[in-house]
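Before any comments, here is the structure.
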Amino acid sequence: MAARRGQIRGIVQGVGFRPFVAGLARGLGLRGHVENRGGEVIVAIEGSAAALDAFAARLPEEAPEAAQIEAARWMEVEGGLGDGFVIRASEARGEGVLAIGPDLRVCEACLAEVGDPEDRRFGYGLNACTACGPRLTITARSPWARADSAMASFPACPACQGEFEDPEDRRWHAEAIACPDCGPRLRLEALDGRGLAGPEGAIESAAELLRRGQVLGLKGVGGFQLLVDARSEAAVETLRARKRRPHKALAVMVADLRAAAELVDLTGPAAAALDSPAGPIVLLPRRGPQAAEGVAPGQPRLGLMLPTTAAHARLLAAFGGPIVATSGNVHGRPMARTLDEARAQLTGVADALLVHDRAILRRCDDSVVQVVEGRPRALRLGRGLAPARFELPGSADASLLALGGHLQHTPAYAGEGLALVWPYVGDLDEAETRVAMGEGLADLCATIGRAPTRVVCDAHPDYATTRWAEAAQRRDPSLRVDRVWHHHAHVAAVLAEHGRAAALGVSWDGAGLGTDRSSWGGEFLLVEGARFRRLAHLRPFPLPGADAAARDGLRVLAGMLAAAELPAPRLGGEQDEALARFLSIARRPRLSPSSSAVGRLFDAFAALVGLRRRSRYQAEAACALEHAAAAHGPAPAYPFGFDGARLDWRPALVGAIDERARPGLVAARVHATLISMILAVVARHRPRTVALSGGCFANALLLAGASEALRGGGVEVLSPERLPPGDGGLALGQAWVATRSEEVGACA
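For the sequence shown, our numbering gives the first residue as 316, with consecutive numbering after it.
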């Protein structure tokens, strides 16, 4: 006989982990106890050595699907643990407080109950258990417990309490347990607060509203959503006009995988991502006209998700078709979280609100992923995927808040050897989003339970995050502020995700301040811990009108023509006049700062071949070029120059001008050229490992092509998977650099 004590670290709270541990221990004839302590699970077990070994081996193999065991440390202890195996109450003390788990999509068992007329939870739209339901968005503090959550307002009825205490019930120790008798309830109301339907009729009344082509506001898990009939062009256009989002694709929610397969080409990995506990939006190739063209105008892909709550599932069943499910906001503003915010922001947008009376404690938009090389890859961290946890050994003694960038603001907190990447907030151009940023940062620190001693931000002095850091330091002069170069952070984020210390990093995006104070974005950086060295980069070109060029590819094309000393090609009509005007501006350095950004290169080629001149949302032109290349198929690279430091795109531009009447061919050859440029730099420096980073690698064609070519040359490839490749991953990279910068002064 022996006794052991284990410390289990990871996402092990709010996922049914303690009941799982208890069931496993009892099945092996072990005695002892399990408890949440801080952010860890502590297990004390006693029994035969063989049973203890079997327990330790089976623990990671059989854990709940939503659990993530990062470390399990065992030590021998004295016996005498008593009889049986019990689950102890949680203790909010000890180390490991960075343990809050993400919200989980409603599970099949809960949906089966909701659909069973004989079950006491029949029709209950907020059903949840240990395997599903909200966590992050209703948790006030760690560890996960009902008393410290929005569920504290809903005392469990005797029936629910009985399930909570029954070791044989799947709701054993389910903190968010509820039913129609004791839990939050649904209702349909007008924007002025007038009641339209109570819990019994709310879903059917909401479905009828959708059938009439109206816009429904729905209080979801992390905030309000706007819903319309995804098959109706008129309803979609109404939503777009009211939301002031005329072009960017909208997400679609479907009842199940069978319904998804009617709209998109559904592979095994994509189906697994859709049906996972996280339940993100998954970008998939669309098929047929079943969804209105206006859902994703001109796009070959649809963003699909399955029901996130039982209320969504009931609404889909009552409505009988797919529904658009997009963020409940007016474009550029944060998603409405409270009922008061929804009434203020969505009046004139939604025709009615389907709401519940459980508070949402923090805003959390839906996650977005795509499948590349058979693996899901995050494009936005939100419900289901955030907070995302990463090992960060250098942060053992840190209390560090990393702010990320100005676009796709996604902060992170580092300490105790971990980094916790918080949900996406949004772009910080609008005042309302900057307010949401400040509120979110305060909430992050309050939830963690400690104030940071260091803040890390981008080196760009005009980012809203940088200004926030400076203001925080003025309020507290003892607060240390570090600044990390933008593209260094991009590469560092990939290294942090994969637990590596060094690589040749390819950091490609649309813009980021470089060490020479110019705009970088086509970089090859040798990153070794907190040090980096710029090995190569794209040949710079002027951007006529500076920031205006980020939205107008014709401006970028003019800058490239000026730098290459090439005459303007004839594009026809008003474009020729505009190109001549931009060429004049491009020759005036004060009006045309230089850039080496691959993202701007995509914009220029998209404008040249007539795919997209102006980007009405971020990366629209680049996406058009990617989709055209994918539709065309493989093509040879254009010629380019490389002098060991600069990659010269000018020969490629000449070739593209000659072939501009064939957009698909040009798009395919541009992608092949960029991949060849990567191979040229790698051939010169012969690294063992290459890290692909930056927003350009959200381009699935570029990412897959570059990865395949590099691996074919015997190079190990690291690329973002759990973390977005663009600015949504910067905070992790900033934290990684800052925790390694003490000796080398690597921060800007």
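Glycine included, C-beta positions come from ideal geometry on N, C-alpha and C.
DSSP beta-bridge partners for residue i?
i	result
Phe-856	Ser-910
Ala-713	According to DSSP, which records beta bridges pairwise, Ala-713 is partnered with nothing at all.
Leu-533	Gln-540, Leu-669
Gln-383	Ile-326
Leu-828	Ser-834
Pro-1124	Past the boundaries of the shown model lies residue 1124; the chain is included only from 316 to 1063, so the question cannot be answered.
Ala-734	Phe-705, Ala-729
Pro-600	Arg-616
I need the DSSP call for residue i, collapsed to helix, strand or coil.
i	result
Ile-675	coil
Val-809	helix
Val-969	helix
Thr-553	helix
Glu-880	coil
Ala-774	coil
Pro-904	helix
Gly-409	The predicted position of Gly-409 is uncertain, since its pLDDT is 40 and thus under 50; a value taken from the coordinates is nonetheless stated next. Note: Gly-409 maps to coil in three-state DSSP.
Asp-744	coil
Ala-493	coil
Does the Cβ of residue i have 16 or more other Cβ atoms within 10 Å, making it buried, or fewer, making it exposed?
i	result
Tyr-932	exposed
Met-650	buried
Arg-388	exposed
Ala-816	exposed
Ala-427	exposed
Val-358	buried
His-801	buried
His-986	buried
Thr-454	buried
Ser-710	buried
CB-CB under 7 Å to residue i, same chain, minus the five flanking residues each way: which ones, in chain order?
i	result
Ala-585	Val-597, Leu-599, Val-686
Pro-379	Val-330, Gly-331, Phe-332, Phe-335, Ala-446
Leu-694	Val-683, Val-684, Gln-685, Ala-1013, Pro-1039
Asp-758	Arg-677
Arg-559	Val-645, His-646
Arg-486	Cys-444, Thr-445, Glu-478, Phe-479, Ile-492
Please name the residue in the options whose C-alpha comes closest to that of residue i.
i	options	result
Lys-563	Ile-326, Lys-534, Ala-588, Glu-608	Glu-608
Ala-640	Arg-903, Ala-893, Ala-960, Leu-619	Leu-619
Ser-464	Gln-660, Ile-415, Thr-988	Ile-415
Arg-1026	Ala-1006, Pro-1040, Arg-1037, Arg-388	Ala-1006
Ala-574	Arg-602, Arg-435, Arg-902	Arg-602
His-488	Ala-570, Gly-338, Arg-456	Gly-338
Ser-910	Ala-873, Arg-485, Gly-887	Ala-873
Val-740	His-805, Arg-965, Arg-652	Arg-652
Ala-1019	Asp-1042, Ile-990, Ala-995, Gly-1043	Ile-990
Glu-391	Gln-322, Cys-425, Val-327, Phe-400	Gln-322
Leu-1045	Leu-1017, Met-992, Ala-936, Ala-774	Ala-774
Gly-513	Ala-522, Ala-521, Leu-524, Leu-501	Leu-501
Ala-667	Ala-983, Asp-484, Gly-643	Gly-643
Cys-472	Val-799, Glu-478, Val-1030, Cys-497	Cys-497
Val-530	Ala-983, Gly-814, Val-551, Gly-516	Val-551
Leu-841	Glu-1036, Ala-804, Val-684	Ala-804
Pro-951	Gly-970, Arg-961, Ala-939, Arg-965	Gly-970
Arg-961	Arg-999, Arg-977, Ala-934	Arg-999
Gly-755	Ala-766, Pro-738, Val-771	Pro-738
Ala-945	Gly-583, Arg-984, Gly-647	Arg-984
Glu-350	Glu-361, Pro-458, Ala-381	Pro-458
For residue i, collect the residues of the same chain with a Cβ closer than 8 Å to its Cβ; drop the 5 residues on either side in sequence, then sort them by chain order.
i	result
Gly-860	Asp-867, Arg-870, Phe-897, Ile-900, Leu-906, Ser-907
Gln-383	Gly-325, Ile-326, Val-327, Arg-704
His-671	Gly-440, Leu-441, Pro-499, Arg-500, Leu-501, Arg-502, Lys-534, Ala-626
Leu-743	His-721, Leu-722, His-724, Arg-749, Met-752, Tyr-778, Ala-779, Thr-780
Gly-1010	Trp-823, Asp-824, Gly-825, Gly-914, Ala-934, Pro-1040, Gly-1041, Asp-1042
Starting from the C-beta of residue i, find all residues in its chain whose C-beta is less than 6 Å away, skip the five residues before and the five after it, and write them out in chain order.
i	result
Arg-658	Leu-506
Leu-829	Going by the sequence as given, residue 829 is Gly instead of Leu. So the list reads Trp-835, once near-sequence residues are dropped.
Ala-386	Arg-324
Met-466	Ala-491
Ala-967	Tyr-953, Phe-955, Thr-988
Ala-734	Phe-705, Leu-707, Ala-727, Leu-1047, Ala-1050
Glu-577	Gln-605
Ala-864	Leu-858, Arg-870, Val-871
Ala-921	Gly-868, Arg-927, Ala-936, Ala-939, Leu-940
Arg-848	Leu-841
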